[in-house]
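Novice: Using numbering that gives the first Met the number 0, the letters of the sequence shown correspond one by one to residues 0 to 248.
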Amino acid sequence: MLPPSYHASPASTRYPVLYMHDGQNVVNPETSFLGVDWGLDESLVAGAAAGRLQEFIAVLVWNTPQRLQEYMPAAALRWLTTQQQCWYDRVEDRYYNPTSDAYLAMLVQELKPYVDQHYRTLPAQQHTAVMGSSMGGLVSLYALQRYPEVFGAAACLSTHWVPGGGLPVAWLAQGNIPDPATHRIYFDHGTEGLDSEYGPYQKQVDQLCKAAGYTEGVNYSSVVFPGETHNELAWRNRLHLPLEFLFGA
0 MLPPSYHASP
10 ASTRYPVLYM
20 HDGQNVVNPE
30 TSFLGVDWGL
40 DESLVAGAAA
50 GRLQEFIAVL
60 VWNTPQRLQE
70 YMPAAALRWL
80 TTQQQCWYDR
90 VEDRYYNPTS
100 DAYLAMLVQE
110 LKPYVDQHYR
120 TLPAQQHTAV
130 MGSSMGGLVS
140 LYALQRYPEV
150 FGAAACLSTH
160 WVPGGGLPVA
170 WLAQGNIPDP
180 ATHRIYFDHG
190 TEGLDSEYGP
200 YQKQVDQLCK
210 AAGYTEGVNY
220 SSVVFPGETH
230 NELAWRNRLH
240 LPLEFLFGA
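(1) Is the region 145-164 in contact with the region 125-137, if contact means three or more CB pairs nearer than 8 Å?
(2) Is the Cβ-Cβ distance between VAL25 and LEU39 less than 9 Å?
(3) Where does MET134 sit, in a helix, a strand or coil, going by DSSP?
(4) Quick one: measure Cβ to Cβ for ALA128 and ALA153, integer angstroms, because I've assumed they're closer than 8 Å.
(5) Near ALA172, which residues of its chain fall below 7 Å by C-beta distance, leaving aside the five closest residues on each side in sequence?
(6) Looking only at C-alpha atoms, which of ALA180, ASP187, GLU148 sits nearest to THR158?
(7) Reducing DSSP to helix, strand and coil, say where ALA123 ends up.
(8) Let me confirm a value: PRO177 is counted as buried when at least 16 other C-beta atoms fall within 10 Å, else exposed. Which label applies?
(9) How many angstroms separate the CA atom of SER11 from the CA atom of ARG119?
(10) Could you give the DSSP three-state label for VAL165: helix, strand or coil?
(11) Within its chain, find whatever has a CB closer than 7 Å to the CB of PHE246; leave out the 5 residues flanking it on each side and keep chain order.
(12) Between the Cα of ALA210 and those of GLN116, GLU227, ASN175, LEU242, spot the shortest distance and give me the residue it belongs to.
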């Protein structure tokens, strides 16, 4: 998705880039889950017109039927194999055999070079961000940890911390928080539906990130939306907030 001024701007004008998971849900209600999209295009146009957003290029990466495997941090399961078997048994079968390392390698080694070659991007790490919801939030954070030299910021909406009773949080606690000197992270969640399970895990992650050196309002944001649930409409209604965190004017 190209920003409003892209074709009219000088050839020297370059734009930051946002890579989004579950891309079929982002701008088109006909392809989005339950027929509601995130309205990314509308948020970008409105935010730029109001002077709240820098314009950016968005790369919308659709998921596949293997979504859970593509988005489950593989390093967390590798770490788990070094732990007690009883802890390993807590991870639900559907999260086994993750392919997230291959998925992120595709983004970094194939997709990003193509985008940077064919569009007027700002390719550096500080201008490259990633965003997703639920499992997409999980793999967005994993992208920062796996490729810290490529992705400078992540927006993780309704992050799905619950596999294995909080395995991703336990793995983060093993020194796997992205460097606060070079990264920025946005988290949020609601309090209803599936989001109602996230609060205790998110508090642990907030504590870990603060201990690692992140500062709320500077390079970190963690927001709770009381009454909001786990679906595209909820994420659509608050999309302007992570966008302003990532690309605020």
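Where a beta carbon is used, it is the ideal one built from N, C-alpha and C, also for glycine.
Specialist: In short:
(1) Per the Cβ contact rule, the region 145-164 is in contact with the region 125-137 (3 or more Cβ pairs under 8 Å).
(2) Cβ distance < 9 Å, so VAL25 and LEU39 count as in contact.
(3) Of the three classes helix, strand and coil, the one that applies to MET134 here is helix, per DSSP.
(4) Contact holds; Cβ gap of about 7 Å.
(5) LEU207, listed in sequence order.
(6) Closest option to THR158, Cα to Cα, is ASP187.
(7) Coil.
(8) PRO177 should be labelled buried.
(9) Annotation: SER11 to ARG119 spans about 8 Å, alpha carbon to alpha carbon.
(10) One point to set straight first is that residue 165 is Gly, not Val, in the sequence displayed. DSSP places GLY165 in coil when its eight states are reduced to three.
(11) Contacts found: PRO15, LEU52, GLN53, PHE55.
(12) ALA210 has its Cα closest to that of ASN175, out of GLN116, GLU227, ASN175, LEU242.
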